[in-house]
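One structure is given here, and the rest of the page talks about it.
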Amino acid sequence: MAAAKPWPGSDKPDRAPSLRTPSERFEGLPVAGTLFRVEGRGVYFCSASVVSSPKHNIVLTAAHCLTGRESANQLAFAPKLQKDSAGKLVAPYGLFSVKRDGGRSRVWMDRRYATDKQAYAQYDVAFLEVGPGKDNRRVEDTVGGNRLRTDAGYAHKDVHLVAYPGANPPPRTCTSTARKEAFSGWPGAYLRIDCDGYSGGSSGGPFIANFNETTKTGDVIGVIGGYKTGGATDDTSYSSYFGKDIKALYDSAVRGDKPRTGGVLGAPSTWKHATRIAFR
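In terms of our numbering, the sequence shown opens at residue 315 and continues consecutively.
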């Protein structure tokens with residue numbers, strides 16, 4: 315990880331200044347980080363975050379970062395990924411490997427979304443079960459967890475959007491208003507938030523309502539994904555609505571049911587907000 319560097323050509327071109335709510339680089343939150351797939355010397359990643367659960371071992375991201383095919387590679391979650399003073403990547407809380415059963419990663423996503431990402435874009439959500447990290451501590455015990463909030467409506471003020479755009483940290487944060495938007499030819503409706511600068515790598519970043527400055531956690535009401543896998547531009551991001559189907563998916567992960575699909579990262583050309591970096 316210390317030698318990781320941007321994958322050539324992975325970032326979107328620079329954009330003109332935006333009228334959207336400006337985001338800013340910051341040191342990150344312990345509860346949020348990046349999701350890795352090690353592939354030889356390459357690593358794909360999206361953003362992800364810890365969601366509270368009885369066993370303190372569930373991570374939340376966007377389903378479009380994953381597919382239903384069997385994975386031959388190890389996935390891992392790195393909370394609060396940072397750069398040190400020398401510009402090297404550092405995972406201050408260590409890595410939490412996604413558990414596997416019979417060669418398949420323990421990932422829960424809606425089967426319908428796995429078959430058709432546009433027809434079922436309202437289910438662009440995935441939960442992953444991770445094992446303990448360093449000192450054999452569970453991820454939620456180590457960094458905390460956001461509370462999953464479902465059927466909370468679309469309109470929310472002061473929503474924190476946290477994600478890792480670009481090939482390297484630090485992440486970005488923005489506080490703005492979420493609202494409802496629907497599109498012809500796309501199922502359901504989506505949460506929309508207008509924050510600039512959320513480019514490649516942002517997928518799976520949490521929408522956090524009722525953020526507590528002391529605990530650095532809140533209610534997670536969405537993740538970057540859904541409509542056009544999170545949006546066609548860097549300055550507007552979307553999330554699938556967290557309704558009863560997402561709650562059922564979470565409950566399935568909490569119970570440890572047989573995963574609805576096995577996880578493996580999809581082709582990067584299909585991701586609107588995914589990034590690849592090199593890894594030595």
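All C-beta atoms in this analysis are idealised placements derived from N, C-alpha and C, irrespective of residue type, glycine included.
In this text the structure is predicted, and so the values were computed from the model without any measurement.
Check                                                                                                        : Outcome
Between the CA atoms of G447 and R334 - distance to the nearest angstrom                                     : 38 angstroms
Best match in V365, L403, C360, T348 for proximity to K530 [C-alpha to C-alpha]                              : V365
DSSP three-state assignment for R334, whether helix, strand or coil                                          : coil
Assigned secondary structure, I522 (DSSP; H/G/I helix, E/B strand, else coil)                                : strand
Cβ neighbours of A390 in the same chain (closer than 7 angstroms, five flanking residues each side left out) : F350, L409, F410, S411, V412
Check whether I538 and E443 have beta carbons under 8 angstroms apart                                        : no
Any 3 or more C-beta pairs closer than 8 angstroms across the segment 504 to 512 and the segment 421 to 433  : no
DSSP-derived helix/strand/coil call for I560                                                                 : helix
Terminal residues of the beta strand (DSSP E) in which E596 lies                                             : In the structure as shown, the chain begins at 315 and stops at 594. Residue 596 is therefore absent and cannot be evaluated.
heavy atom of the ligand FMN below 7 angstroms from P485 C-beta                                              : With respect to the ligand FMN, the structure offers nothing, as it holds no ligand at all.
Beta-carbon gap between Q396 and P484 smaller than 8 angstroms                                               : yes
K569 burial status per 10 Å Cβ neighbour count (16 or more: buried)                                          : A quick correction: the sequence has Arg, not Lys, at residue 569. Counting Cβ neighbours within 10 Å, R569 comes out exposed, since fewer than 16 surround it.
Rounded distance between the beta-carbons of G347 and K394, thought under 8 angstroms                        : 6 angstroms
Top-ranked residue by Cα proximity to K561, from A440, R420, Y512                                            : A440
Among N450, N524, G511, R426, nearest to H289 - alpha-carbon criterion                                       : Outside the displayed range of the chain (315 to 594) lies residue 289, so it cannot be described from this structure.
Whole-number beta carbon distance between R461 and D533, since they are thought to touch under 8 angstroms   : 5 angstroms
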